[in-house]
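A.B. asks: The following block contains the structure, expressed as structure tokens.
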Amino acid sequence: MNEPMSLFDDLPEEHDEPQEAPERRLPMVVLGEMVIMPHMTIPLQVPQGKSYRAMERAWEEDRDVLLIFVREHQLEGYKSNQPQNLPPIGVIAQLQEFAKLNDGTARVILEGQSRAQIIEAIQITPFYRVRCRPYTDPPVSGLEVEALMETVKQQVDEFVEHLGEVPQEAVQFVHRIDRPGHLADIVTWGPAFDFKDRLEVLNTLDPIERLRKVYLVLARQLELLKLRVKIQQDTKEVLDQSQREYFLREQLRIIRRELGEDEEGDDPVDELRRKIHELDAPEYVKNQALHELKRLTQQGMNNPESGVIRTYLDWILSLPWADEELPEISITEAQKVLDADHYGLEKVKERILEYLAVRKLAGDKMRSPILCFVGPPGVGKTSLGRSIARALGRKFVRTSLGGVRDEAEIRGHRRTYIGAMPGRIIQAMKNVKSKSPVYILDEVDKIGLDFRGDPTSALLEVLDPEQNNAFSDHYLEIPFDLSKVIFIATANQLDPIPLPLRDRMEIIEIGG
Numbered sequence: 062m063n064e065p066m067s068l069f070d071d072l073p074e075e076h077d078e079p080q081e082a083p084e085r086r087l088p089m090v091v092l093g094e095m096v097i098m099p100h101m102t103i104p105l106q107v108p109q110g111k112s113y114r115a116m117e118r119a120w121e122e123d124r125d126v127l128l129i130f131v132r133e134h135q136l137e138g139y140k141s142n143q144p145q146n147l148p149p150i151g152v153i154a155q156l157q158e159f160a161k162l163n164d165g166t167a168r169v170i171l172e173g174q175s176r177a178q179i180i181e182a183i184q185i186t187p188f189y190r191v192r193c194r195p196y197t198d199p200p201v202s203g204l205e206v207e208a209l210m211e212t213v214k215q216q217v218d219e220f221v222e223h224l225g226e227v228p229q230e231a232v233q234f235v236h237r238i239d240r241p242g243h244l245a246d247i248v249t250w251g252p253a254f255d256f257k258d259r260l261e262v263l264n265t266l267d268p269i270e271r272l273r274k275v276y277l278v279l280a281r282q283l284e285l286l287k288l289r290v291k292i293q294q295d296t297k298e299v300l301d302q303s304q305r306e307y308f309l310r311e312q313l314r315i316i317r318r319e320l321g322e323d324e325e326g327d328d329p330v331d332e333l334r335r336k337i338h339e340l341d342a343p344e345y346v347k348n349q350a351l352h353e354l355k356r357l358t359q360q361g362m363n364n365p366e367s368g369v370i371r372t373y374l375d376w377i378l379s380l381p382w383a384d385e386e387l388p389e390i391s392i393t394e395a396q397k398v399l400d401a402d403h404y405g406l407e408k409v410k411e412r413i414l415e416y417l418a419v420r421k422l423a424g425d426k427m428r429s430p431i432l433c434f435v436g437p438p439g440v441g442k443t444s445l446g447r448s449i450a451r452a453l454g455r456k457f458v459r460t461s462l463g464g465v466r467d468e469a470e471i472r473g474h475r476r477t478y479i480g481a482m483p484g485r486i487i488q489a490m491k492n493v494k495s496k497s498p499v500y501i502l503d504e505v506d507k508i509g510l511d512f513r514g515d516p517t518s519a520l521l522e523v524l525d526p527e528q529n530n531a532f533s534d535h536y537l538e539i540p541f542d543l544s545k546v547i548f549i550a551t552a553n554q555l556d557p558i559p560l561p562l563r564d565r566m567e568i569i570e571i572g573g
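Read left to right, the sequence shown gives residues 62 to 573 (the working numbering).
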């Protein structure tokens, strides 16, 4: 942002130079991230250290200390004894109170007296002591100076009007100040100034130039404040419009009901509400859908966000949430189907029948490993899975994992991304329209790993019977039950399959 043009760039420079005073040798106190200007009184609690010892000695002498102001990260390591490493300007302050506390700290009250030019450090232990030369602002006057002071006071009034947090006594005190340097020093303690601004004002000895800098900071901050207020007002207007649309829709719904008309009508929101109530799904799913529908209603159908919400609701409504009545497993029928579909492979078919027999006996308590058919392309791995589905009377679905390197391919993308979609698992469950299909995970040996995440960890959650009853897809953000699915993996080679994934599988090799 460009700095505001100053109306006072042409103020006369003719005024007395700052008044020099005799040199002084004072204990030095280092303060972090705060600036105490002349004419200010500040209470502090000081821990043990060099600054504590400096104040302790000053309290025994004439109670004057020299304050310098540094960044927080410089406090601990401040051990310089070279003039060029010290700041050019500090503030001579007088200790009004120095009270030692039981915890080893001291409660002090400091009153800023005047600026001082730092000449050199003459002592560094047990505390800093420096040579310095006090400065007093020279007297300045004129109509231009009065105009600049009056403008700064008006800026202060405008700030107080916007913030409303400044005591009226403080504002009245500012209006009584009649010296430009004094006015600049006092105004810098307001909320418009940060540490950097205050330090810059402190280092400016010329009182008129100092007040110019204060004027520019206030002008810039007032401009930002007005812009912030405008943004808040615009945001409130948008929210008010959304609320207005919501109330009008509710009134329209009540009017339709009183007239005996079809409450659902052709309103897409009403249609979605009806579908949600009719959805055969757990309560937490319906509650999530109704929550999103409420957001859609409040924002209005013309809001850009409404398209994202409607797509999300369509996904929830199209997924198979309800449990299905499955036919009883018949080992005899399964053997007939396997024999009809595949010639040979006796050992493979025998192992599959054993697997089905265990499932029949265990029922929903089945926690056996996932079958994994390993063999070269074309030996019938996928068709075996299709035959198992036909033998069990279940639907069949297949997902190829070859080349999958992004975890989001399995878990989906979060809705904060543009064009976000669920992962491949949820997409397949939507397409098959069944909660308990036979699901072939093809080519698990070709899963990759790169900077976008490890899809293996997501696949482990899918296959783990202890976790997949509440599978978490990033897009849905609600649990989906995969425990009724019969997962079967296929691979061309065994070695590339990650070990954690291989541990959850029972390998059945099919020769070429």
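The beta-carbon is built from N, C-alpha and C at its ideal position, and this holds for glycine as well.
(1) Straight-line CA distance for Glu270 to Arg476?
(2) Using the Cα positions of Lys496 and Asp301, report the straight-line distance between them to the nearest angstrom.
(3) Report buried or exposed for Gln349, applying the criterion of at least 16 other Cβ atoms within 10 angstroms of its Cβ.
(4) Roughly how many angstroms separate the alpha carbons of Ala452 and Gly473, rounded to a whole number?
(5) Out of Val201, Ala450, Val330 and Val458, which one is the CA nearest neighbour of Pro388?
(6) Please confirm whether Glu504 and Leu445 have their CB atoms less than 8 Å apart.
(7) If you scan the segment 504 to 558 from start to end, which runs of the beta strand (DSSP E) of 3 or more residues do you find wholly inside it?
(8) Do you know how far the Cα of Gln554 is from the Cα of Pro437?
(9) In this structure, does DSSP put Asn63 in helix, strand or coil?
(10) In the DSSP output, what is Glu184 paired with across the bridge?
(11) What separation, rounded to the nearest whole angstrom, lies between the Cα atoms of Ala231 and Leu277?
(12) Straight-line CA distance for Gly368 to Asp402?
(13) Hey, Ile179 and Val169: beta-carbon distance below 8 Å or not?
(14) How many angstroms separate the CA atom of Gln521 from the CA atom of Ile501?
(15) How about Gln43 and Leu279: are their beta carbons less than 8 Å apart?
(16) Are the segment 182 to 197 and the segment 87 to 105 in contact at 8 Å, needing three or more beta carbon pairs?
(17) Tell me which same chain residues have a C-beta within less than 6 Å of the C-beta of Gln143, skipping the five on either side of it?
(18) Quick check: the Cα distance between Met305 and Val299, rounded to an integer number of angstroms?
(19) List the DSSP bridge partners of Pro88.
(20) With 8 Å set as the bound, which would you pick, yes or no: does the beta-carbon of Asn348 sit closer than that to a beta-carbon of chain B?
(21) Taking the beta strand (DSSP E) that Thr102 belongs to, which residues open and close that run?
(22) Looking only at its own chain, which residues have a Cβ that is under 6 Å from the Cβ of Ala160, when we skip the five neighbours before and after it?
(23) CA-CA distance, Val419 and Ser391?
(24) Would you report the Cα separation of Asp198 and Leu171, rounded to the nearest angstrom?
(25) In terms of alpha-carbon separation, which member of Val126, Asp525, Lys397 and Met95 lies closest to Gln135?
(26) Suppose you measure from the CA of Val52 to the CA of Arg240; what does that come to, to the nearest Å?
(27) Compare the C-alpha of Glu415 against each of Asp400, Gly405, Tyr404 and Gln396 and name the closest.
(28) Since Asp125 is in the beta strand (DSSP E), which residue starts that stretch and which ends it?
(29) Any idea if Asp556 is buried or exposed, counting beta-carbon neighbours within 10 angstroms, 16 or more meaning buried?
(30) With distances taken between CB atoms, is the gap from Arg485 to Thr517 smaller than 8 Å?
(31) Buried or exposed for Glu75, please, with buried defined as at least 16 other CB atoms from any protein chain shown within 10 angstroms of its CB.
(32) Helix, strand or coil for Ala481 per DSSP?
(33) Just curious, the beta strand (DSSP E) that Lys161 is in, first and last residue?
(34) Just list the residues that DSSP pairs Met566 with in beta bridges.
(35) DSSP has Gln178 in a bridge; who is on the other side?
C.D. replies: This is what the structure gives:
(1) In the sequence shown, counting from the first residue as 1, residue 270 sits at position 209. In the sequence shown, counting from the first residue as 1, residue 476 sits at position 415. Taking the Cα positions, Glu270 is about 54 Å away from Arg476.
(2) As a first step, residue 496 is located in the sequence shown; it is residue number 435 there, counting from the start. As a first step, residue 301 is located in the sequence shown; it is residue number 240 there, counting from the start. Each residue's Cα considered, the two are about 43 Å apart.
(3) Here residue 349 refers to the residue found at position 288 when the sequence shown is read from its first residue. Buried, by the Cβ-count rule.
(4) As a position in the sequence shown, residue 452 is number 391, starting the count at 1. As a position in the sequence shown, residue 473 is number 412, starting the count at 1. Between the alpha carbons of Ala452 and Gly473 lies a distance of about 32 Å.
(5) In the sequence shown, the residue the question calls residue 388 occupies position 327. Selection Val201, Ala450, Val330 and Val458 evaluated against Pro388 yields Ala450 as nearest (Cα-Cα).
(6) Locating residue 504 in the sequence shown gives position 443, where the first residue counts as 1. Locating residue 445 in the sequence shown gives position 384, where the first residue counts as 1. The criterion of a C-beta distance shorter than 8 Å is not satisfied by Glu504 and Leu445.
(7) Counting whole runs of 3 or more residues, the segment 504 to 558 contains the beta strand (DSSP E) stretches 547 to 552.
(8) The residue labelled residue 437 in the question sits at position 376 within the sequence shown. The residue labelled residue 554 in the question sits at position 493 within the sequence shown. Their backbone Cα atoms lie some 7 Å apart in a straight line.
(9) Taking the sequence shown and counting its residues from 1, one reaches residue 63 at position 2. Confidence at Asn63 is low in this model, with a pLDDT of 43, below 50, so the placement of that residue should be treated as unreliable; the coordinate-derived value is given next. Residue state, collapsed to three classes: coil.
(10) In the sequence shown, residue 184 corresponds to position 123, counting from 1. According to the sequence as given, residue 184 is Gln; it is not Glu. Residue pairing of Gln184 in beta bridges, as defined by DSSP: Arg190.
(11) The count along the sequence shown starts at 1 and reaches residue 231 at position 170. The count along the sequence shown starts at 1 and reaches residue 277 at position 216. The alpha-carbon of Ala231 is positioned some 21 Å away from that of Leu277.
(12) For the purposes of this step, residue 368 is taken as residue 307 along the sequence shown, with counting starting at 1. For the purposes of this step, residue 402 is taken as residue 341 along the sequence shown, with counting starting at 1. Those two C-alpha atoms are separated by around 46 Å.
(13) Counted from its first residue, the sequence shown places residue 179 at position 118. Counted from its first residue, the sequence shown places residue 169 at position 108. In this structure, Ile179 keeps its C-beta atom at 8 Å or more from the C-beta atom of Val169.
(14) Within the sequence shown, residue 521 is the residue found at index 460, counting from 1. Within the sequence shown, residue 501 is the residue found at index 440, counting from 1. The sequence shown places Leu at residue 521, rather than the Gln named in the question. Between Leu521 and Ile501, the C-alpha separation is close to 15 Å.
(15) Residue coverage of the chain in this structure runs from 62 to 573, which leaves residue 43 outside it and unanswerable.
(16) They touch, by the three-pair rule.
(17) Sequence index remark: in the sequence shown, residue 143 carries index 82 (1-based). Reliability of the predicted coordinates at Gln143 is poor, the pLDDT of 49 falling under 50, and the value obtained from them is presented with this limitation in mind. Only residues of its own chain outside the window of five on either side were considered, and among them none has a CB closer than 6 Å to the CB of Gln143.
(18) Residue numbering aside, residue 305 sits at position 244 when the sequence shown is read from its first letter. Residue numbering aside, residue 299 sits at position 238 when the sequence shown is read from its first letter. Sequence inspection shows Arg at residue 305; the Met mentioned does not correspond to that position. Looking at the two C-alpha atoms, the distance is approximately 10 Å.
(19) Your numbering for residue 88 matches position 27 in the sequence shown. Per DSSP, Arg190.
(20) This model lacks chain B altogether, as it is built from one protein chain only.
(21) One-based indexing of the sequence shown puts residue 102 at position 41. Note, Thr102: beta strand (DSSP E), Thr102 to Val107.
(22) For this step, residue 160 is matched to residue 99 along the sequence shown. By the criterion of a C-beta distance shorter than 6 Å, Ala160 is surrounded in its chain by Arg168, once the five residues flanking it on both sides are discounted.
(23) For this step, residue 419 is matched to residue 358 along the sequence shown. For this step, residue 391 is matched to residue 330 along the sequence shown. CA-CA distance, Val419 to Ser391, rounds to 12 Å.
(24) The residue given as residue 198 occupies position 137 in the sequence shown. The residue given as residue 171 occupies position 110 in the sequence shown. In this structure, the alpha-carbon of Asp198 lies about 21 Å from that of Leu171.
(25) Start at 1 with the first residue of the sequence shown, and residue 135 comes out as number 74. That would be Met95, whose Cα lies nearest to the Cα of Gln135.
(26) With the chain running from 62 to 573 in the structure shown, residue 52 is simply not present.
(27) If you number the sequence shown from 1, residue 415 lands on position 354. Nearest C-alpha to Glu415: Gln396.
(28) Position 64 of the sequence shown, counted from the start, is the residue given in the question as residue 125. From DSSP, the beta strand (DSSP E) with Asp125 extends over Asp125 to Val131.
(29) For the purposes of this step, residue 556 is taken as the residue at position 495 of the sequence shown. By the Cβ-count criterion, Asp556 is exposed, with fewer than 16 other Cβ atoms from all chains shown falling within 10 Å of its own Cβ.
(30) To locate residue 485, count along the sequence shown from 1; it is residue 424. To locate residue 517, count along the sequence shown from 1; it is residue 456. In this structure, Thr517 does not lie closer than 8 Å to Arg485 by Cβ.
(31) In the sequence shown, residue 75 corresponds to position 14, counting from 1. For Glu75, the predicted structure reports a pLDDT of 46, less than 50, and the residue's modelled location is therefore unreliable. The matter cannot be settled from this model.
(32) As a first step, residue 481 is located in the sequence shown; it is residue number 420 there, counting from the start. Reduced to three states, the DSSP call for Ala481 is coil.
(33) Along the sequence shown, read from residue 1 onward, the residue named residue 161 stands at position 100. First-last of the beta strand (DSSP E) with Lys161: Ile150 to Lys161.
(34) Position 505 of the sequence shown, counted from the first residue, corresponds to residue 566. Answer by DSSP bridge pairing, in chain order: Ile431.
(35) Residue mapping note: residue 178 aligns to position 117 of the sequence shown, counting from 1. Ile150 and Arg194, per the DSSP bridge assignment.
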